[in-house]
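Before any comments, here is the structure.
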Amino acid sequence: MENKEGKTYRRSKKNGRSKKHSIFSSPLLLIPVILLLVFDIAFMSLLMSLSVLPTIYNIIILIVLLGLTALVFKLLSCRKEVTKQRKVGVGISIFLILLLGVGIFYLFTTYSAFGRMSDADKQYEDFYVVALKDGSYRNVKDIEGETVHTHQSSSSVYDKAQKMLKEEADVEYEESGGYMQMRSVLIDEEDKEHDELIFLSSSNYDMICEYDEEFENRTRIVYTVSVEIGNRDIAKRVGITEEPFNVYISGIDTYGGIEKVSRSDVNMIMTVDPVDKKILLTSIPRDTYVTLHTYGELDKLTHSGIYGINETISTVEDWLNIDINYYVRVNFTSVEDIVDAIGGIDVTSEYAFEIHGRQNRGYSFVEGENHLDGASALAFARERKSFEEGDQERIKNQQRVLSAILNKITSSSAILTGYTQILNTVGDEIQTNMERRDISSLVRMQLEDLGGWSIESISIEGEGTNASTYSMGARQLYVVIPDESSVKAAQDAIEAIMDM
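If you want it as structure tokens, here you go:
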């Protein structure tokens, strides 16, 4: 091109023609977009795997995330000179990444908790080496090469425990009759030349403590062997949001790990109608005299728990002529932590009473409404000696505690404010044979309408007497002979919901 003076020159590309900007020409601008896409994919993958939201909600969330990601991409693709839009794009991307990060954390916590809770294919049984508290044995090193008394048993688990102990301490074994005879070997025999050692399951140890209230105070657990045992899946699965089903709630009388085999101290059948949102709680006294499914002998229902949750369920199915679809196992630690996680519960007591609980802590309850934390809720649910009706009043209080927990979780903000604490508690301290998808389906159903549930409670009653039991032999123990009319009423109530 010529100017007025006739000279030629070339138009500068820099000054004459604008260069079109692309996000791909600035690698740093790609980082927010790539990170946002990664977080989008991770969030949606977890959300879809968890399957707690209706499909339409998942689609809406996906569309919103893709739309916001496209907006960020467009803002970051603006011309280099338009810095304001770029800053907005970076700001939105950072906000979305942080928001998705929090969402991923909560989704992963939920997914993990559901998985741990559903991991019911394994249980563990503890076996104790027991010595006198004022004796010379203190730890496993002290029993090296010593003689340990065992009891007659056909249990392969007990045999495995003995092998594990021998590998650890190279002990010798001497059979001393039934496990109740070992109590005499340890405590009652006179003129003993040296301290004795006995080896028995934690469940048998607990039953000796039930028979002899001073046994625990007079003895020391020197060493514990924990044996893994299989747990056959006996679930009778149904369309859990469309069909009625029965859940057996077994409260085992231990603290700590929920996977331990122990006596079933709390026994309830929760009959659920998911369509009409009705729940029936049927409580069974722990001392109910029933025929064990596997052994065909009469025993306390609570003792069935030492043979595993499957034995308890099969025994109750035989007795009541019902199908139990699923089970939920909790222990003392579960109750305390769940109640604390939801901020406590309100229960109504028919009586005013005071008791001393764990670690000699005192508890006082008034007639009428009481606000309870975890420890006091457990104490309230376990007490029976303060009442003339004894175990029947305890059953009513257990139902009140469970109803209060269910009501608070399903009809208040407790699940939101204590979300992670509740899920961590549920994952670690509740065991069920429901599959993860079953739990997700129930949560999704509840989120769809957020409606409350109608909860009713009944209990099977009976008359107390003394009788021999399969687990304790000829020794006379307190048992409850179930009242047939009460049993029939419970069967009819359960059937009425199951036939809906």
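Using full-length UniProt numbering, read the sequence shown as starting at 1 and increasing by one per residue. Every residue gets a Cβ at the ideal spot worked out from N, C-alpha and C, and that includes glycine.
Top-ranked residue by Cα proximity to residue i, from the options
| i | options | result |
| --- | --- | --- |
| residue 267 | 273, 274, 75, 329 | 329 |
| residue 169 | 185, 157, 187, 137 | 137 |
| residue 61 | 70, 72, 73, 47 | 47 |
| residue 277 | 250, 240, 259 | 240 |
| residue 316 | 249, 39, 100 | 249 |
| residue 220 | 140, 303, 474 | 140 |
| residue 162 | 29, 126, 181 | 126 |
Boundaries (first-last residue) of the alpha helix (DSSP H) holding residue i
| i | result |
| --- | --- |
| residue 219 | Looking at the DSSP string, residue 219 is not in any alpha helix (DSSP H); the run it does join, the beta strand (DSSP E), is 219–230. |
| residue 95 | 83–117 |
| residue 492 | 484–498 |
| residue 71 | 55–76 |
| residue 463 | Not the alpha helix (DSSP H): residue 463 falls in the beta strand (DSSP E), residues 462–469. |
| residue 427 | 419–429 |
| residue 316 | 309–320 |
Secondary structure of residue i, DSSP reduced to three states
| i | result |
| --- | --- |
| residue 201 | strand |
| residue 254 | coil |
| residue 245 | strand |
| residue 11 | With a pLDDT of only 48 at residue 11, under the threshold of 50, the placement of this residue in the model should not be trusted; the figure read from the coordinates follows. Here residue 11 sits in coil by DSSP. |
| residue 443 | helix |
| residue 329 | strand |
| residue 130 | strand |
| residue 263 | coil |
| residue 387 | coil |
| residue 4 | Note that residue 4 scores 49 on pLDDT, short of 50, meaning its location in the model is unreliable; the coordinates nonetheless yield the value given after this. DSSP places residue 4 in coil when its eight states are reduced to three. |
| residue 324 | coil |
| residue 171 | coil |
| residue 354 | strand |
| residue 349 | strand |
| residue 398 | helix |
| residue 48 | helix |
| residue 210 | helix |
| residue 162 | helix |
| residue 455 | strand |
| residue 273 | strand |
| residue 473 | strand |
| residue 125 | strand |
| residue 342 | coil |
| residue 29 | helix |
Nonlocal neighbours in the same chain, by C-beta distance under 6 angstroms from residue i, ignoring five residues either side
| i | result |
| --- | --- |
| residue 299 | 292, 469, 470, 471 |
| residue 455 | 279, 403 |
| residue 164 | 225 |
| residue 474 | 468 |
| residue 508 | Residue 508 is absent from the model: the chain starts at 1 and stops at 500. |
For residue i, the first and last residue of its enclosing beta strand (DSSP E)
| i | result |
| --- | --- |
| residue 241 | Premise fails: residue 241 is in no beta strand (DSSP E) and is neither H nor E. |
| residue 180 | Residue 180 -> not in any beta strand (DSSP E); alpha helix (DSSP H) instead, spanning 179–183. |
| residue 295 | Premise fails: residue 295 is in no beta strand (DSSP E) and is neither H nor E. |
| residue 235 | Residue 235 -> no beta strand (DSSP E), and no H or E assigned at all. |
| residue 139 | Segment: none, residue 139 is in no beta strand (DSSP E) and carries neither H nor E. |
| residue 370 | 368–372 |
| residue 282 | 278–283 |
| residue 363 | 362–365 |
| residue 148 | 147–150 |
Cut-off 7 angstroms between Cβ atoms - residues of its own chain near residue i, not counting five sequence neighbours on either side
| i | result |
| --- | --- |
| residue 485 | none |
| residue 115 | 436 |
| residue 160 | 227 |
| residue 340 | 373, 374 |
| residue 19 | Confidence at residue 19 is low in this model, with a pLDDT of 48, below 50, so its placement is unreliable and no value can be given for it. |
| residue 390 | 384 |
| residue 218 | 132, 133, 187 |
| residue 421 | 341 |
| residue 352 | 365, 366, 367 |
| residue 337 | 374, 425, 429 |
Contacting residues, own chain, Cβ-Cβ under 8 angstroms from residue i (five flanking each side not counted)
| i | result |
| --- | --- |
| residue 325 | 235, 236, 237, 238, 245, 246, 247 |
| residue 35 | 93, 97 |
| residue 466 | 476, 477, 478, 479 |
| residue 368 | 348, 349 |
| residue 491 | 320, 321, 322 |
| residue 42 | 100, 104 |
| residue 458 | 280, 281, 282, 283, 489, 490, 493 |
| residue 49 | 111 |
| residue 483 | 460, 461, 462, 463 |
| residue 294 | 307, 311, 314 |
Any non-hydrogen atom of the ligand MG closer than 7 angstroms to residue i Cβ
| i | result |
| --- | --- |
| residue 171 | You won't find the ligand MG in this model; it holds no ligand whatsoever. |
> Between the stretch 205–223 and the stretch 289–299, do three or more beta carbon pairs fall short of 8 angstroms?
Replying inline: no
>> Could you check whether the stretch 428–443 touches the stretch 343–352, counting it as contact only if at least three pairs of C-beta atoms, one from each stretch, sit closer than 8 angstroms?
In response: no
> Three or more C-beta pairs closer than 8 angstroms, one from the stretch 174–183 and one from the stretch 94–107: is that the case here?
Replying inline: no
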